[in-house]
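> Could you have a look at this structure, given as C-alpha coordinates, before my questions?
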Amino acid sequence: MSSRRFPRTASGLHRLEKALDELLAAHELPGRDDVVWLR
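Counted from 1, the sequence shown has number 1 at position 2 by numbering that gives the first Met the number 0; the numbering is strictly sequential.
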(Lines of atoms letter the chains of each structure in order from A and count residues from 1; the text may use other names and numbers.)
(Lines give C-alpha, C1' and ligand atoms only; values in the text may rest on other atoms or scores of the structure.)
Protein backbone atom coordinates (compact mmCIF):
# COMPACT_ATOMS: atom_id res chain seq x y z
CA MET A 1 0.00 0.00 0.00
CA SER A 2 1.43 3.37 -0.92
CA SER A 3 1.09 6.52 1.11
CA ARG A 4 -0.51 9.64 -0.24
CA ARG A 5 0.07 13.24 0.74
CA PHE A 6 -2.73 15.75 1.14
CA PRO A 7 -1.49 19.32 0.74
CA ARG A 8 -3.23 22.08 2.69
CA THR A 9 -5.02 23.48 -0.32
CA ALA A 10 -8.65 23.33 -1.39
CA SER A 11 -7.91 20.46 -3.78
CA GLY A 12 -5.86 18.63 -1.14
CA LEU A 13 -8.70 18.90 1.36
CA HIS A 14 -11.13 17.62 -1.26
CA ARG A 15 -8.88 14.59 -1.91
CA LEU A 16 -8.66 13.97 1.85
CA GLU A 17 -12.45 14.15 2.15
CA LYS A 18 -12.85 11.65 -0.70
CA ALA A 19 -10.33 9.24 0.88
CA LEU A 20 -12.13 9.43 4.24
CA ASP A 21 -15.50 8.84 2.57
CA GLU A 22 -14.09 5.73 0.84
CA LEU A 23 -12.73 4.45 4.16
CA LEU A 24 -16.07 4.91 5.90
CA ALA A 25 -18.04 3.42 3.00
CA ALA A 26 -15.88 0.28 3.16
CA HIS A 27 -16.61 0.01 6.92
CA GLU A 28 -12.87 0.04 7.63
CA LEU A 29 -13.19 1.96 10.87
CA PRO A 30 -9.96 2.21 12.85
CA GLY A 31 -9.61 1.42 16.51
CA ARG A 32 -9.01 4.17 19.00
CA ASP A 33 -5.21 3.98 18.81
CA ASP A 34 -4.84 2.59 15.28
CA VAL A 35 -3.01 4.25 12.42
CA VAL A 36 -4.92 4.41 9.14
CA TRP A 37 -3.26 4.69 5.75
CA LEU A 38 -5.61 6.42 3.34
CA ARG A 39 -5.48 5.21 -0.23
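All C-beta atoms in this analysis are idealised placements derived from N, C-alpha and C, irrespective of residue type, glycine included.
Rounding to the nearest angstrom, what Cα-Cα distance links Ala9 and Asp33 in this structure?
27 Å
> Less than 8 Å between the beta carbons of Val35 and Leu22, yes or no?
Yes, the Cβ-Cβ distance between Val35 and Leu22 is below 8 Å.
> State the Cα-Cα distance for the pair Gly30 and Leu19, rounded to the nearest angstrom.
15 Å
> Leaving out five residues before and five after Arg14 in sequence, what residues of the same chain have Cβ atoms less than 6 Å from its Cβ?
Counting only Cβ-Cβ distances below 6 Å, and skipping sequence neighbours, we find Phe5.
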